[in-house]
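Note that the numbering used here numbers the sequence shown so that position 253 is 625, with each residue one more than the last.
Beneath this line is the structure, given in structure tokens, with notes to follow.
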Amino acid sequence: MSQSKSLNIGIVCGEHSGDMLGAGIIGEIKKNSNIKLFGVGGPKLEELGVKSKFDFSELQIMGLIDPLLNIRKLKNLRNDLIKFFIKNDIDIFIGIDSPDFNIGIHKALKKKHKSKNIQIVSPSVWVWRQNRIKSIQAFIDLTVCLFDFEDSYYKKVKHNSIHLGHPFSDISKIDKKEVLNKYNLSDNNKFISILPGSRISEIKFMMPIFLQFINYYSRTKEGRDYVYLIPAADQKVTKYINTFLNSSPKQIIIKEAATQDFLSISEFSITTSGTATLESAVLGCPPIICYKTNFLNYSIISKMMKIKNIGLPNILLNKNYYPELVQRDCKLSNIKSALKRIPKLIAESEKNAELLKNILKGQGFSDTAKKIISLKGYQ
């Protein structure tokens, strides 16, 4: 898969989870190809050579209303990237997640440039806004799917796709002693992981509810021996979470890039709906899945949803197995009720972790990288 000319790859990533995926694929491409990278990425993609045009957190705007409030800013960022990619004559454009932002780039490059367009992480057309499939078919040359049912969906509508699988299929618990030593934690304590999200807009809604739980549970007979572990995505997130903690119990620990470590030693987690719920379940740490947003966002999204569950582990298991507390139901009294299910979930956690890992297996980074490169005629 070698070539004399360097392969120019444009890339746009706006999430930490997408940064990991992109790094896995780009790392494989770099093994056998001379490439230059242009665009926006997180720390892992930047280590591989992406010199970000702007901080990737600029794209971490969730829901339907917030993007509308920031539409001018997002359009300007997107237009600058399109011009930048065309100026640098990219051969391949890789959009990672952020489908509403990236589809505009896919569309512009398809009309104005000769690049091959790849979308890593399928837009959730199987959940809502199914009309997006027309744009996907028209402007995207290959969709890289994390889940098998997504790949099957695209095969049915005759769109080019590949089932990458999910990186969580290969993760395992970190040794408890190793984690305790790393963070200077006592073996006499028990642990609960609290994951309010990686975006400021998520944390704003979720952290007050999670703190209500911590303040309540730390004063109970059952909960007084627990330490509450909060993994933060980066410094910016750590700083924001700390603004909520002025009058909170002392047994709260925040560390960056510690999700796998913290989940590995926790009995259960209270987790904002998203990728972290899946990581928690796969590591044998049963999640109580929570989600809350502003009223207008939820009113619109709930009417457009085509599935019953929001938690990835429940969607993949095809049943309402882990507790889900959404919008009005996301409150302290319901978290208390969900705690009654935790002993059973803990007892079955290892069995379900293995089941989920098997569901998440796919073709992997190497085969996916080869398919991406083959779109430009390289083997």
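The beta-carbon is built from N, C-alpha and C at its ideal position, and this holds for glycine as well.
{"Asked": "For Lys-562, does the three-state DSSP call read helix, strand or coil?", "Found": "strand"}
{"Asked": "Taking Leu-379 and Ile-492 to be in contact with their CB atoms under 8 Å, please state how far apart those CB atoms are, rounded to whole angstroms.", "Found": "That belief does not hold up - the Cβ atoms of Leu-379 and Ile-492 are roughly 17 Å apart, past 8 Å."}
{"Asked": "Following the continuous beta strand (DSSP E) through Lys-627, name the residue where it begins and the one where it ends.", "Found": "624-628"}
{"Asked": "So does the stretch 691-704 actually touch the stretch 648-661, counting three or more Cβ pairs closer than 8 Å?", "Found": "yes"}
{"Asked": "Who does Lys-743 pair with in a DSSP beta bridge?", "Found": "Answer is none; Lys-743 lacks a bridge partner."}
{"Asked": "Taking the alpha-carbon positions, what's the Phe-616 to Gly-646 distance?", "Found": "22 Å"}
{"Asked": "What residues in its chain sit with their C-beta under 6 Å from that of Ile-512, if we drop five residues either side in the sequence?", "Found": "His-478, Asn-489 and Gln-491"}
{"Asked": "By alpha-carbon positions, which one of Pro-539, Ser-570, Ile-464 and Gly-386 ends up nearest to Ile-602?", "Found": "Ser-570"}
{"Asked": "So what's Phe-410 in DSSP terms, helix, strand or just coil?", "Found": "strand"}
{"Asked": "Which one of Asp-461, Asp-597 and Ile-613 has the shortest CA to CA distance from Met-578?", "Found": "Ile-613"}
{"Asked": "Taking the alpha carbon of Ile-381 as the point to measure from, which residue in Lys-486, Lys-708, Lys-530 and Leu-567 has its own alpha carbon closest?", "Found": "Lys-486"}
{"Asked": "Please classify Asn-681: is it buried, with 16 or more other beta-carbons within 10 angstroms of its beta-carbon, or exposed?", "Found": "buried"}
{"Asked": "Which residues in the same chain have their Cβ closer than 8 Å to the Cβ of Leu-747, if we skip the five residues on either side of it in sequence?", "Found": "Ile-464, Lys-488, Ile-490, Asp-513 and Leu-514"}
{"Asked": "Could you tell me which of Ile-546, Ser-429 and Lys-506 sits nearest to Lys-529, measuring between CA atoms?", "Found": "A small correction: the amino acid at residue 529 is Val; Lys does not occupy that position in the sequence shown. Of Ile-546, Ser-429 and Lys-506, the residue nearest in Cα terms is Lys-506."}
{"Asked": "Which runs of the beta strand (DSSP E), 3 residues or longer, sit entirely within the stretch 511-585?", "Found": "514-517, 533-535 and 562-567"}
{"Asked": "Who are the near neighbours of Gly-390 in its chain, counting only those whose CB is closer than 6 Å to its CB and skipping five residues on each side?", "Found": "Ile-468 and Asp-469"}
{"Asked": "Report, in whole angstroms, the separation of the C-beta atoms of Ser-641 and Leu-635, which I expect to be a contact under 8 Å.", "Found": "6 Å"}
{"Asked": "Leaving out five residues before and five after Lys-548 in sequence, what residues of the same chain have Cβ atoms less than 6 Å from its Cβ?", "Found": "Ile-637"}
{"Asked": "Cutting at 7 Å between CB atoms, please list the residues of its own chain near Asp-606, excluding the five before and the five after it.", "Found": "Glu-628"}
{"Asked": "Based on the DSSP output, what are the partners of Ile-381 in its beta bridges?", "Found": "Leu-409 and Ile-464"}
{"Asked": "Which class does Phe-737 belong to by DSSP, given the choice of helix, strand or coil?", "Found": "helix"}
{"Asked": "Please determine if the stretch 729-747 and the stretch 538-555 are in contact, where contact requires at least 3 C-beta pairs separated by less than 8 Å.", "Found": "yes"}
{"Asked": "To the nearest angstrom, how far is the alpha carbon of Arg-596 from that of Leu-704?", "Found": "17 Å"}
{"Asked": "With DSSP as the reference, identify every bridge partner of Pro-603, one or two as the case may be.", "Found": "Lys-627"}
{"Asked": "Give every residue of the same chain whose Cβ lies closer than 6 Å to the Cβ of Tyr-589, excluding the five residues on either side of it in the sequence, and list them in chain order.", "Found": "Gly-595"}
{"Asked": "Asn-404 to Leu-431, Cα distance in whole Å?", "Found": "31 Å"}
{"Asked": "Using only the alpha-carbon positions, how far apart do Ala-630 and Val-551 sit?", "Found": "10 Å"}
{"Asked": "With burial defined as no fewer than 16 other Cβ atoms inside 10 Å of the residue's Cβ, what is the status of Ala-510: buried or exposed?", "Found": "exposed"}
{"Asked": "Among Ala-648, Lys-459 and Val-654, which residue has its Cα nearest to the Cα of Lys-545?", "Found": "Val-654"}
{"Asked": "Pull up the CB-CB distance for Ile-744 and Ile-397, whole angstroms please, since I reckon it's below 8 Å.", "Found": "7 Å"}
{"Asked": "List the residues that DSSP assigns as beta-bridge partners of Ser-424.", "Found": "Gly-411"}
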